[in-house]
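Novice: In the numbering used here, the protein residues as written are 106 to 443. We put the CB at the ideal spot given by N, CA and C, even for glycine.
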Ligand code: 13P
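1) Compare the C-alpha of residue 136 against each of 148, 282 and 387 and name the closest.
2) By the DSSP assignment, the beta strand (DSSP E) with residue 241 in it spans what residues?
3) According to DSSP, simplified to helix, strand and coil, what is residue 121?
4) If we ignore side chains and look at the alpha-carbon of each, how far apart do residue 140 and residue 253 end up?
5) By DSSP, does residue 209 sit in helix, in strand, or in coil?
6) Here's the rule: buried if 16 or more other CB atoms are within 10 angstroms of the residue's CB, otherwise exposed. What is residue 63?
7) Tell me the residue span of the beta strand (DSSP E) that contains residue 364.
8) In its own chain, which residues sit with a C-beta less than 6 Å from the C-beta of residue 391, not counting the 5 before and 5 after it?
9) What residue ranges within the stretch 141-196 form continuous beta strand (DSSP E) runs of no fewer than 3 residues, ordered along the chain?
10) Just to confirm, does residue 109 get its C-beta within under 8 Å of one of the non-hydrogen atoms of the ligand 13P?
11) Rounded to whole angstroms, what is the Cα-Cα separation between residue 315 and residue 394?
12) Within this structure, are the beta carbons of residue 244 and residue 262 separated by less than 9 Å?
13) Where residue 160 and residue 442 are concerned, what is the direct C-alpha to C-alpha distance, given to the nearest angstrom?
14) Please state the DSSP three-state secondary structure of residue 283.
15) Look up residue 300 in the DSSP assignment and give the residues it is bridged to.
16) Residue 407 by DSSP, collapsed to three states: which one?
17) Give the secondary structure of residue 394 by DSSP, where H, G and I count as helix, E and B as strand, and everything else as coil.
18) I need the straight-line Cα distance from residue 287 to residue 276, nearest angstrom please.
19) Please state if the CB of residue 259 and the CB of residue 313 are separated by a distance shorter than 9 Å.
20) With a threshold of 8 Å, are at least 3 pairs of Cβ atoms found where one atom belongs to the stretch 318-329 and the other to the stretch 296-309?
21) For residue 264, which of helix, strand or coil comes out of DSSP?
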């Protein structure tokens with residue numbers, strides 16, 4: 106493990122108010138996204154869409170890194186240039202999703218455990234050779250009747266920590282992503298207490314596995330009321346609750362927190378990130394950034410619809426959402442900029 110390189114990469118991913126673009130949807134997930142706009146699902150349509158994203162002019166003004174899927178990291182532009190070269194030449198850091206998805210957890214109805222540790226050392230070394238410099242692993246936690254269970258939280262936290270240790274051994278910065286789903290009628294307080302417990306467990310496991318906190322990033326959910334909860338707190342209330350929770354549980358040695366969007370609208374994801382950066386400017390030990398998938402891509406996908414003639418407009422939309430989130434990192438975003 107080259108500690109200095111890991112720290113440099115982790116810092117670079119959150120430097121200059123830029124953020125990460127998650128474009129690592131697995132084949133079944135991107136199918137769901139494409140189906141919304143009746144875009145045909147072929148290897149070529151997925152390739153064209155990802156080419157559209159990474160060839161967006163000036164993307165690197167706002168985006169520090171992109172997270173790819175296994176199929177995507179092996180693909181090329183139509184002219185034969187590898188995607189990794191296109192990304193690297195643009196000054197963006199390539200990353201890779203390395204988990205194998207969340208599967209039903211034995212003995213725990215309604216809960217999931219993320220798989221993918223077996224053989225991970227060899228896969229990481231292949232990805233590093235291909236040019237990836239960071240990785241992502243996502244665990245998912247559902248709030249419901251009697252869940253999450255301690256068994257589910259412990260198992261997922263343990264897997265995240267073993268993944269993170271293997272990443273650092275391979276010279277890749279691990280993005281540690283424990284996502285508490287926002288679907289459900291639970292309250293913001295419920296989300297707060299589950300998020301705090303999960304994060305504390307995750308950091309205890311990272312400590313047990315000797316993961317270097319300075320060479321990793323945390324990708325958490327924001328502390329939100331469930332989507333069907335009667336009480337929906339304001340943007341500022343969400344910002345305050347999220348920061349309070351993170352302060353309880355995330356060590357100051359972690360260089361950056363990069364939120365997932367988790368199904369929030371693009372505007373809300375930007376507004377809430379903005380409120381946190383504005384209200385807590387200069388008071389936090391970590392950079393507060395984004396690693397959004399849907400909240401950046403959704404409007405562009407809607408414009409593209411699989412048509413070559415829409416590429417330029419879709420790229421403009423992608424660039425705008427990236428810029429607005431950069432502005433949110435500065436606490437300078439305003440919905441009137443939409
Ligand atoms: P969303 O921002 O769409 O939640 O995606 C981020 C991500 O990478 C989920 O694993």
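Specialist: This is what the structure gives:
1) To locate residue 136, count along the chain shown from 1; it is residue 31. Checked all of 148, 282 and 387; the closest Cα to residue 136 is 148.
2) Position 136 of the chain shown, counted from the start, is the residue given in the question as residue 241. Per DSSP, residue 241 belongs to the beta strand (DSSP E) from 239-246.
3) As a working mapping, residue 121 is identified with position 16 in the chain shown. The answer is helix: DSSP assigns residue 121 an H, G or I state.
4) One-based indexing of the chain shown puts residue 140 at position 35. One-based indexing of the chain shown puts residue 253 at position 148. The alpha-carbon atoms of residue 140 and residue 253 are separated by roughly 31 Å.
5) Walking along the chain shown from the start, residue 209 turns up at place 104. Collapsing the DSSP output to three states places residue 209 in a strand.
6) The requested residue 63 is not part of the displayed model; the chain covers only 106 to 443.
7) Translated into the one-based positions of the chain shown, residue 364 becomes position 259. Residue 364 -> beta strand (DSSP E) spans 361-364.
8) Counting from 1 along the chain shown, the entry for residue 391 is found at position 286. The beta carbon of residue 391 sits closer than 6 Å to those of 359, 361 and 362, all from its chain and outside the five residues before and after it, given in chain order.
9) Counting only runs of at least 3 residues, the stretch 141-196 fully encloses the following beta strand (DSSP E) elements, listed from N- to C-terminal order: 168-173.
10) Along the chain shown, read from residue 1 onward, the residue named residue 109 stands at position 4. It does not: the Cβ of residue 109 is nowhere closer than 8 Å to a heavy atom of the ligand 13P.
11) Looking up residue 315 in the chain shown gives position 210. Looking up residue 394 in the chain shown gives position 289. Looking at the two C-alpha atoms, the distance is approximately 25 Å.
12) On the chain shown, position 139 is the one that residue 244 refers to. On the chain shown, position 157 is the one that residue 262 refers to. Taking a C-beta distance under 9 Å as the contact criterion, residue 244 and residue 262 qualify as a contact pair.
13) As a working note, residue 160 is residue 55 in the chain shown. As a working note, residue 442 is residue 337 in the chain shown. Taking the straight line joining both Cα atoms gives about 24 Å.
14) Position 178 of the chain shown, counting from 1, holds the residue named residue 283. DSSP places residue 283 in strand when its eight states are reduced to three.
15) Translated into the one-based positions of the chain shown, residue 300 becomes position 195. In the DSSP output, where bridge partners are listed per residue, residue 300 has none listed.
16) Here residue 407 is taken as the residue at index 302 of the chain shown, counted from 1. In the structure shown, residue 407 sits in a helix (DSSP, three-state: H, G or I).
17) Along the chain shown, read from residue 1 onward, the residue named residue 394 stands at position 289. Residue state, collapsed to three classes: strand.
18) To locate residue 287, count along the chain shown from 1; it is residue 182. To locate residue 276, count along the chain shown from 1; it is residue 171. Going by the C-alpha atoms only, they are around 33 Å apart.
19) Here the question's residue 313 lines up with position 208 in the chain shown. Here the question's residue 259 lines up with position 154 in the chain shown. It is not a contact, given that the beta carbons lie outside the stated cut-off.
20) Contact holds: three or more Cβ-Cβ distances are below 8 Å.
21) For the purposes of this step, residue 264 is identified with residue 159 of the chain shown, where counting begins at 1. The three-state reading of DSSP puts residue 264 in helix, counting H, G and I together.
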